[in-house]
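S.K.: Numbering (my numbering), first residue to last: 15 to 198.
Okay, structure coming up:
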């Protein structure tokens with residue numbers, strides 16, 4: 015599955031992407047904001063993630079900047095995952111691509127796909143010491159739930175307070191109207 019947004023190209027990871035992935039994510043400032051990534055992030059971690067099979071209902075994407083002359087540059091990752099029976103949006107971007115609106119743009123693209131896939135609700139969270147991620151979530155339509163929960167951070171090796179957000183998605187539209195009848 016591939017998605018093209020205004021400035022970005024979202025695509026599945028391929029096994030040969032592991033070195034570029036490692037070069038982009040191997041930054042403690044990036045990893046410490048993720049729940050499931052270890053620190054230090056190793057070549058084996060990158061090989062595993064780049065080769066990870068896609069789940070059709072919960073896809074994840076490498077986010078790239080398309081160019082006309084060179085291969086597209088990997089700048090981050092965005093996707094859906096199941097957490098405690100709910101569908102969660104998650105993302106990360108290499109530090110030199112922070113503050114450019116890429117997280118919002120990629121998140122919007124995946125939110126649109128989530129609607130198409132029939133998901134009714136998305137959740138997301140950010141660690142309390144990462145308010146920039148909270149701004150991204152609110153910018154794309156997530157609402158704070160009022161809950162702060164303890165979430166284990168593999169990189170930090172302990173629980174960290176996470177501010178929880180949710181988004182209700184509208185049901186996909188039916189252009190044929192009710193019961194499959196064409197609307198005149």
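Note that the Cβ used here is the ideal one computed from N, Cα and C, for glycine as well.
What is the DSSP secondary structure of residue 159, counted as helix, strand or coil?
M.R.: Correct three-state label for residue 159: strand.
S.K.: Per DSSP, what kind of secondary structure is residue 32 in: helix, strand or coil?
M.R.: helix
S.K.: Write down the C-beta distance between residue 120 and residue 101 rounded to the nearest angstrom, noting that I regard them as a contact closer than 8 angstroms.
M.R.: Contact check for residue 120 and residue 101: beta-carbon distance about 16 angstroms, past the 8 angstroms limit, so the pair fails to qualify.
S.K.: Quick check on residue 198: buried or exposed, where buried means 16 or more other Cβ atoms within 10 Å of its Cβ?
M.R.: Note on residue 198: pLDDT 42, under 50, position unreliable in the model; the coordinate value appears next. Burial call: exposed.
S.K.: Can you find the residues in the same chain that come closer than 6 angstroms, C-beta to C-beta, to residue 13, ignoring five residues on each side of it along the sequence?
M.R.: Since the first and last residues shown for the chain are 15 and 198, residue 13 lies out of range.
S.K.: On the three-pair Cβ rule with 8 angstroms, is the segment 95-110 touching the segment 37-57?
M.R.: In short, these stretches touch, since the Cβ pair count reaches three.
S.K.: Is it buried or exposed for residue 75, if we count other Cβ within 10 angstroms and need 16 for buried?
M.R.: buried
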